[in-house]
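Residue numbers (this note's numbering): 3 to 85.
#1: For residue 55, tell me which candidate among 30, 15, 13 has the shortest Cα-Cα distance.
#2: I need the DSSP call for residue 29, collapsed to helix, strand or coil.
#3: In whole angstroms, what separates the C-alpha of residue 85 from that of residue 9?
#4: Helix, strand or coil for residue 45, going by three-state DSSP, please let me know.
#5: Can you give the Cα-Cα distance for residue 21 and residue 68, rounded to whole angstroms?
#6: Here's the rule: buried if 16 or more other CB atoms are within 10 angstroms of the residue's CB, otherwise exposed. What is residue 41?
#7: Ignore the nearest five residues each way along the sequence and tell me which others in residue 60's own chain have a CB closer than 8 Å to its CB.
#8: Which whole-angstrom value describes the C-beta separation of residue 28 and residue 49, a residue pair presumed to lie in contact below a C-beta threshold of 8 Å?
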């Protein structure tokens with residue numbers, strides 16, 4: 003079964019990036035539910051902008067890393083069948 007178009011082995015390789023994504027998501031939700039630093043719009047906005055931008059950038063990086071891994075696996079599989 004392929005999740006997001008990735009095979010099981012590729013998903014296992016991508017867990018290195020999925021774990022920090024989970025941590026970032028936890029803190030985004032936690033700070034939204036329980037504002038530890040008050041509710042100043044400027045500071046809260048900066049805080050969420052930083053956390054959400056890092057989450058999105060890491061998600062995009064993880065997706066393209068998965069595509070690169072899949073491409074490398076297919077390429078190495080094609081090279082192995084030339085004999």
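Glycine included, each C-beta is placed from N, C-alpha and C at the ideal position. Keep in mind that this is a model prediction, so the values were computed, not measured.
A quick look at the data gives this:
#1: Looking at 30, 15, 13, the one whose alpha-carbon comes closest to that of residue 55 is 30.
#2: Residue 29 falls in the helix class under three-state DSSP.
#3: Residue confidence for residue 85 is low, a pLDDT of 49 falling below 50, so the modelled location carries little weight; the figure read from the coordinates is stated next. Computed Cα separation, rounded: 25 Å.
#4: helix
#5: Using only the alpha carbons, I get a separation of about 15 Å.
#6: exposed
#7: 19, 22, 23, 26
#8: Between residue 49 and residue 28 the Cβ distance is about 15 Å, and since that is not below 8 Å, they are no contact.
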